[in-house]
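Numbering (our numbering), first residue to last: 34 to 245.
Note that the Cβ used here is the ideal one computed from N, Cα and C, for glycine as well.
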């Protein structure tokens, strides 16, 4: 079950009775991802990364040992190998490191699915559908290898928004970002200049397709 934010719905609960019953019978369950229903039984969609998020959510409620994601790449790379052939595959990476890469444009996993995995402690195994390569495990900080830099990501589809003349008093910026959050828009970088004459300018970045 989801909320009613069509095309950006958030998962509220998952009923597993039927799935667990079929698994107990030794059957293989195929569940459609990316979609759900709200309280009024309207069909909703989860938006970008919805299929991965569905898989991680199911793994969490079923208490699976891990969630295996099969995709067109054989794991998480230090950067986009199409842009830099010397990029190398990472064997293990932490949730937080993967969240940073995903939020900055690494397309192998969407940040919503990583957030879900981190919240419920679900290890994610990213593997290729076309090879037997071991892939990448996304795990807790304690289980991941320590490295100064895990990777680099680029996002060409960011837009910067600047709000001019924001009253430089406590709570005003929160009002702006609360209104944005209510629209289910994710804000990345935030910069606020030093106030002048009791007012300040606030700049932030969002995905270009969410700029309206």
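Same chain only: Cβ atoms within 7 Å of residue i, ignoring 5 sequence neighbours per side
{"i": "residue 94", "result": "47, 49"}
{"i": "residue 153", "result": "93"}
{"i": "residue 136", "result": "144, 221"}
{"i": "residue 232", "result": "198, 199, 200, 201"}
Inter-residue spacing [alpha-carbon to alpha-carbon] between residue i and residue j
{"i": "residue 115", "j": "residue 107", "result": "13 Å"}
{"i": "residue 34", "j": "residue 118", "result": "42 Å"}
{"i": "residue 210", "j": "residue 45", "result": "23 Å"}
{"i": "residue 191", "j": "residue 149", "result": "24 Å"}
{"i": "residue 68", "j": "residue 113", "result": "29 Å"}
{"i": "residue 72", "j": "residue 38", "result": "12 Å"}
Alpha helix (DSSP H) segment containing residue i, residue limits
{"i": "residue 83", "result": "83 to 94"}
{"i": "residue 205", "result": "205 to 215"}
{"i": "residue 30", "result": "The chain is shown from 34 up to 245; residue 30 falls before or after that span and cannot be answered."}
{"i": "residue 76", "result": "Note, residue 76: premise wrong, no alpha helix (DSSP H); beta strand (DSSP E) at 76 to 78."}
{"i": "residue 151", "result": "144 to 153"}
Contacting residues, own chain, Cβ-Cβ under 8 Å from residue i (five flanking each side not counted)
{"i": "residue 234", "result": "195, 196, 197, 198, 199, 225, 226"}
{"i": "residue 161", "result": "103, 104, 105, 106, 107, 108, 168"}
{"i": "residue 174", "result": "127, 128, 129"}
Anticipated Cβ contact below 8 Å, residue i with residue j, distance rounded
{"i": "residue 126", "j": "residue 169", "result": "6 Å"}
{"i": "residue 70", "j": "residue 77", "result": "7 Å"}
{"i": "residue 89", "j": "residue 164", "result": "Contact doesn't hold; Cβ gap of about 23 Å is too wide."}
Which of helix, strand or coil DSSP assigns to residue i
{"i": "residue 136", "result": "helix"}
{"i": "residue 70", "result": "strand"}
{"i": "residue 232", "result": "strand"}
{"i": "residue 131", "result": "helix"}
{"i": "residue 44", "result": "strand"}
N- and C-terminal bounds of the beta strand (DSSP E) containing residue i
{"i": "residue 127", "result": "125 to 127"}
{"i": "residue 162", "result": "Per DSSP, residue 162 belongs to no beta strand (DSSP E) and is neither H nor E."}
{"i": "residue 102", "result": "100 to 104"}
{"i": "residue 191", "result": "191 to 200"}
{"i": "residue 171", "result": "169 to 172"}
Contacts around residue i, its chain only, beta-carbon distance under 6 Å, and the 5 residues preceding and following it disregarded
{"i": "residue 80", "result": "40, 41"}
{"i": "residue 122", "result": "108, 110"}
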